[in-house]
Amino acid sequence: MQLDKLKGLLVLCFIVCSQIQAQDEDRVLLWSEDRKLTWADYQGSPLKTEWAAATTASGITYSLSSIIGNGESSLEVIVNSLFYPNKSWYKPDVCDDVILSHEQLHFDITELFAKKFRERLRTVRNDTNIKKKVRAIFVEINRDLHAFQNKYDRETNYSRDIKQQETWNKTIHEALNE
């Protein structure tokens, strides 16, 4: 009887520990104007062959909900900008505050494109093709986001061109505040 209780307790501990680990692996940070990234947020590990000093893994997600009330149907679309700590990494021996600021702007750019996605969604009519329309806009926004992120890295030379970095910082922050 005691052995059965012990086995049950061990199984329960295993399940709880597995769920905690899974939750930690799935942990994301929602973009917020008030919360800036820190190096502690970067939990991933770079490949030994990786040339970059850091990588910010961020992306846009959305969910669709149909709301029915007063005999009418409306659609709610929630759009978020997310940072993925376990897919983001940095090399402590070569990273500083300048690089962290550069990486933060990658996340800010993700939010800027989430904002563009939200704006585009305001023009979509709720009909039988709504899911297809939203998905098409999402794909287009992500394609543009990827190209814009690459342009940002090229023009700032991955944060090395301080003057260009300052220009980009100003441009993105102004666009976010529009």
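The sequence shown lines up with residues 4 to 181 when you count with the working numbering. For each residue, glycine too, the CB sits at the ideal point set by N, CA and C.
Give me, in chain order, the residues of the same chain whose beta-carbon lies closer than 8 Å to that of leucine 40; leave out the 5 immediate sequence neighbours on both sides. Leu32, Thr59, Phe86, Leu103, Glu106, Gln107, Phe110
Just the Cα atoms here: how many angstroms apart are valine 142 and leucine 115? 15 Å
Going along the chain, which residues of its own chain have a beta-carbon closer than 6 Å to the beta-carbon of glutamine 46, five neighbours each way excluded? Pro88, Asn89
Counting only runs of 3+ residues fully inside the region 53-89, write out the beta strand (DSSP E) ranges in chain order. When DSSP assignments are scanned along the region 53-89, the uninterrupted stretches of beta strand (DSSP E) that are 3 or more residues long and fall wholly within it turn out to be 61-72, 75-86.
In DSSP terms, what serine 35 is bridged to: Arg38
Inter-residue Cα distance where the pair is threonine 113 and phenylalanine 151: 10 Å
Could you tell me which residues DSSP puts in a beta bridge with tyrosine 93? Ala57
Span separating the alpha-carbon of lysine 182 from that of lysine 135: Residue numbering for the chain in the displayed model covers 4 to 181; residue 182 lies beyond these limits and cannot be assessed.
Contacts around asparagine 83, its chain only, beta-carbon distance under 8 Å, and the 5 residues preceding and following it disregarded: Leu33, Trp34, Ile63, Thr64, Tyr65, Ala117
Span of the alpha helix (DSSP H), counted from its first residue to its last, around valine 101: 100-124
Consult DSSP for arginine 138 and reduce its assignment to one of helix, strand or coil. helix
Which residues mark the beginning and the end of the alpha helix (DSSP H) in which alanine 43 is found? Element bounds for alanine 43: n/a, residue is neither H nor E.
Please state whether the Cβ-Cβ distance between alanine 43 and proline 49 is less than 9 Å. no
Using a Cβ-Cβ cut-off of 8 Å (strictly less than) and excluding sequence neighbours within five positions of threonine 170, which residues of its own chain qualify? none
Given this structure, state the Cα-to-Cα distance separating threonine 159 from glutamate 53, to the nearest angstrom. 19 Å
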